[in-house]
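The structure under discussion appears below in the form of structure tokens.
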Amino acid sequence: MIASKAQSALEYLMIVALTMGITIPTAYLFLQYSSESSAQIIDAQTNQIGRNIIDTAETVYFSGEHSKIILELNMPKNVDDAYILANRELVFKITSDVGVTEAVFFSSVKIPIAEDGDLSNIAGSGLKKIKIQSVADGTGGTKVIIGKFEG
Amino acid sequence: MGRKSQAALEFLTTYAWAFLVIMVTVGALYYFGVFDFSKFLPQKCLFPSQFECLDFSFTGNQIKIKLVNNLGEAINVNSISITNDAATPLSCTSPGAFSGWQPGNDNDITFTGCTGGVFIAGERAEAKITIKYCAPATTGCPEHIVNGKITAVVSSP
Numbered sequence: 013m014i015a016s017k018a019q020s021a022l023e024y025l026m027i028v029a030l031t032m033g034i035t036i037p038t039a040y041l042f043l044q045y046s047s048e049s050s051a052q053i054i055d056a057q058t059n060q061i062g063r064n065i066i067d068t069a070e071t072v073y074f075s076g077e078h079s080k081i082i083l084e085l086n087m088p089k090n091v092d093d094a095y096i097l098a099n100r101e102l103v104f105k106i107t108s109d110v111g112v113t114e115a116v117f118f119s120s121v122k123i124p125i126a127e128d129g130d131l132s133n134i135a136g137s138g139l140k141k142i143k144i145q146s147v148a149d150g151t152g153g154t155k156v157i158i159g160k161f162e163g
Numbered sequence: 027m028g029r030k031s032q033a034a035l036e037f038l039t040t041y042a043w044a045f046l047v048i049m050v051t052v053g054a055l056y057y058f059g060v061f062d063f064s065k066f067l068p069q070k071c072l073f074p075s076q077f078e079c080l081d082f083s084f085t086g087n088q089i090k091i092k093l094v095n096n097l098g099e100a101i102n103v104n105s106i107s108i109t110n111d112a113a114t115p116l117s118c119t120s121p122g123a124f125s126g127w128q129p130g131n132d133n134d135i136t137f138t139g140c141t142g143g144v145f146i147a148g149e150r151a152e153a154k155i156t157i158k159y160c161a162p163a164t165t166g167c168p169e170h171i172v173n174g175k176i177t178a179v180v181s182s183p
């Protein structure tokens, strides 16, 4: 009677050990793969958004002064900041497990872009509305201003 | 009463011994890397798509990567550095700055004389690479940073 109980207890423990032995490595490998996929998805989304903003800025520029387009974009997580440098570089600052990386999108040299207010407002995950507008640059030319749409 | 408590104590002592033996065995297996499941993961090179990683190798004391400039803009590379999270971080002789990396072109980047960072033949090693660059067509050439990570097995030269 006791031997029978001991056998069933041992078999039970062996089944638990075998299950754990399969589950733990599988979970570890799955987590590793999913974290890599997540980084690639964020990279692809950021690239699409950056290209979309620059393409729209070029469209607005050639449409003439006072033309305006509102973009609705779903910003991914891990985008901590957004800004424009030297009137032609749109920069998204992205934090990942590798470190901080800047995704840079260049407008054409002849198409000046500038921030309309603080562009860092569009950072952070979620749906964001971005206003892209062509305005006079004060020197007889045109520039494109990019900012968060408040409306 | 005394007999029962003695039996209970002996039972617990036997349990404690069994537990101790199991813990020592598991500890030894862990020490010898039996539970290091990362070796079942594929070798990989993770860079943003703006600097797509085409190829990579850890050979001898060298690390080589082939990256493509997908920025759509010619750039000047100001510096390239390498490290990892080991207690003694990976240290290599980095390639110097270079200019005129045209869009769409690939570039071989080679780090030599790598030491530390568990960079041992046959072992799986990790390298974090930081590239600082700027676009000369932009006024003032503002500097940008890009980080990537390579995980690979170090092969003998």
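Chains as they are written, first to last, in the working numbering: chain A, 13 to 163; chain B, 27 to 183.
For glycine and all other residues, C-beta sits at the position ideal for the given N, C-alpha and C.
Reduced DSSP secondary structure (H/G/I, E/B, other) of residue i
i, result
"T165 of chain B", "coil"
"G126 of chain B", "strand"
"L67 of chain B", "coil"
"I146 of chain B", "coil"
"S75 of chain A", "helix"
"N96 of chain B", "coil"
"T31 of chain A", "helix"
"K30 of chain B", "helix"
"G174 of chain B", "strand"
"A126 of chain A", "strand"
"S20 of chain A", "helix"
"G163 of chain A", "coil"
"V47 of chain B", "helix"
"D92 of chain A", "strand"
"S132 of chain A", "helix"
"G111 of chain A", "strand"
"V179 of chain B", "strand"
"V52 of chain B", "helix"
"T156 of chain B", "strand"
"A151 of chain B", "strand"
Close Cβ partners of residue i (< 6 Å) along its chain, the five nearest in sequence each way excluded
i, result
"T51 of chain B", "none"
"K89 of chain A", "S137"
"S146 of chain A", "V72, Y73, E77, S79, T154, V156"
"N102 of chain B", "S125, C160, P162"
"C71 of chain B", "C79, F82, I176"
"A147 of chain B", "V180, S182"
Enclosing beta strand (DSSP E) for residue i [first to last residue]
i, result
"A98 of chain A", "Taken as a continuous stretch (DSSP letters only), A98 of chain A belongs to no beta strand (DSSP E), as it is neither H nor E."
"N87 of chain B", "Looking at the DSSP string, N87 of chain B is not in any beta strand (DSSP E), and its letter there is neither H nor E."
"L116 of chain B", "Looking at the DSSP string, L116 of chain B is not in any beta strand (DSSP E), and its letter there is neither H nor E."
"I157 of chain A", "154–160"
"I206 of chain B", "Residue 206 of chain B is absent from the model: chain B starts at 27 and stops at 183."
"D134 of chain B", "132–141"
Buried or exposed (CB count within 10 angstroms, at least 16 for buried), residue i
i, result
"I27 of chain A", "exposed"
"A39 of chain A", "exposed"
"P74 of chain B", "buried"
"E8 of chain A", "Given a span of 13 to 163 for chain A in the structure shown, any question on residue 8 of chain A remains unanswerable."
"K30 of chain B", "exposed"
"Y41 of chain B", "exposed"
"P124 of chain A", "buried"
"W43 of chain B", "exposed"
"E162 of chain A", "exposed"
"S119 of chain A", "buried"
"D55 of chain A", "buried"
Same chain, Cβ closer than 8 Å to residue i, neighbours up to 5 away in sequence not counted
i, result
"F61 of chain B", "L55"
"I144 of chain A", "I65, T68, A69, V72, K80, I81, I82, L83, V156, I157, I158"
"T58 of chain A", "P88, V91, F104, I106, A115"
Boundaries (first-last residue) of the alpha helix (DSSP H) holding residue i
i, result
"Q145 of chain A", "Careful: Q145 of chain A lies outside any alpha helix (DSSP H), inside the beta strand (DSSP E) at 138–148."
Contacting residues, own chain, Cβ-Cβ under 7 Å from residue i (five flanking each side not counted)
i, result
"A51 of chain A", "S108"
"Q69 of chain B", "T177, A178, V179"
"T109 of chain B", "P115, L116, K154"
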